[in-house]
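Each step along the sequence shown adds one to the number in the numbering used here, with nothing skipped, and position 112 is 114.
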Amino acid sequence: MHCPYCRHPDSRVVDSRTSDDGGTIRRRRQCPQCSRRFSTTETASLSVLKRSGVSEPFSRAKVISGVRKACQGRPVSDDQLAVLAQRVEEDIRGSGQAEIDAHGVGLAILQPLQELDLVAYLRFASVYQGFESLDDFEAAIRRLRDEGPASS
Ligand SMILES: [Zn+2]
Numbered sequence: 003m004h005c006p007y008c009r010h011p012d013s014r015v016v017d018s019r020t021s022d023d024g025g026t027i028r029r030r031r032q033c034p035q036c037s038r039r040f041s042t043t044e045t046a047s048l049s050v051l052k053r054s055g056v057s058e059p060f061s062r063a064k065v066i067s068g069v070r071k072a073c074q075g076r077p078v079s080d081d082q083l084a085v086l087a088q089r090v091e092e093d094i095r096g097s098g099q100a101e102i103d104a105h106g107v108g109l110a111i112l113q114p115l116q117e118l119d120l121v122a123y124l125r126f127a128s129v130y131q132g133f134e135s136l137d138d139f140e141a142a143i144r145r146l147r148d149e150g151p152a153s154s
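What follows is the structure, given as structure tokens:
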């Protein structure tokens, strides 16, 4: 980790503290060249394996942009999308996986999206679950109707 003040390419850890929930580690570092101190925060990385075989860091922004398309014209606010993306990340992290494929991310989106907006859910599910015919839509709609009287 290089020094943010003088860009010296190395730094020394002088203190490490784990957060209460164990999810992050905060380190105090000191630069051996200019002697200034700075902090870093370390969290377990969560990566998404894309269909191309390339993995990239999990991004809430990408979850939001994917879901936003399905929500076009629906009464879903940006705040609700942000909460949904946070929940998706927490669910995936909570499952203990360090890497998940793009399809797995899509599946993790389905449940919170179903609770948010059923039309958006159907649009999204039709892509991620590869609906091929009206039968697939019918089956999904039947399941939604069975699950809750609020569905219409
Ligand atoms: Zn320095």
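A virtual CB, placed ideally from N, CA and C, is assigned to each residue, including glycine.
**Asked** What are the uninterrupted segments assigned as beta strand (DSSP E) that are 3 or more residues long and contained completely in the stretch 17-102, given in chain order?
**Response** Within the stretch 17-102, the runs of beta strand (DSSP E) at least 3 residues long that lie entirely inside it are, in chain order, 26-32, 39-45, 49-51 and 57-59.
**Message:** Which residues neighbour ligand 1 when neighbourhood means a C-beta less than 5 Å away from any of its non-hydrogen atoms? List them by chain order.
**Reply:** Near ligand 1, meaning a beta-carbon closer than 5 Å to one of its heavy atoms, we find C5, Y7, C8, H10, C33, Q35 and C36.
**Request:** Report, in whole angstroms, the separation of the C-beta atoms of A122 and A72, which I expect to be a contact under 8 Å.
**Result:** With 8 Å as the limit, A122 and A72 qualify as a contact, their Cβ atoms being about 4 Å apart.
**Request:** Rounded to whole angstroms, what's the CA-CA distance from A110 to R39? Just pull it up for me.
**Result:** A110 and R39 have their C-alpha atoms some 40 Å from each other.
**Request:** Could you check what DSSP says for R14 in three-state terms: helix, strand or coil?
**Result:** Residue state, collapsed to three classes: strand.
**Message:** I need the DSSP call for Q113, collapsed to helix, strand or coil.
**Reply:** Residue state for Q113 is assigned as helix, using DSSP reduced to three classes.
**Request:** Take I66 and list the residues in its own chain whose beta-carbon comes closer than 6 Å to its own, dropping the five residues that flank it on each side.
**Result:** Cβ within range, chain order: L83 and A87.
**Message:** Does the structure place the stretch 128-144 close enough to the stretch 95-103 that three or more beta carbon pairs sit under 8 Å?
**Reply:** Touching, no, given that fewer than three Cβ pairs across the two stretches are closer than 8 Å.
**Message:** I'd like to know if E44 contacts chain D, where contact means its C-beta is closer than 8 Å to some C-beta of that chain.
**Reply:** The chain inventory of the structure shown lacks chain D, comprising one protein chain alone.
**Asked** I think V50 touches S41, with their Cβ atoms under 8 Å apart; what is that distance to the nearest whole Å?
**Response** Not really, about 28 Å apart at Cβ, beyond 8 Å.
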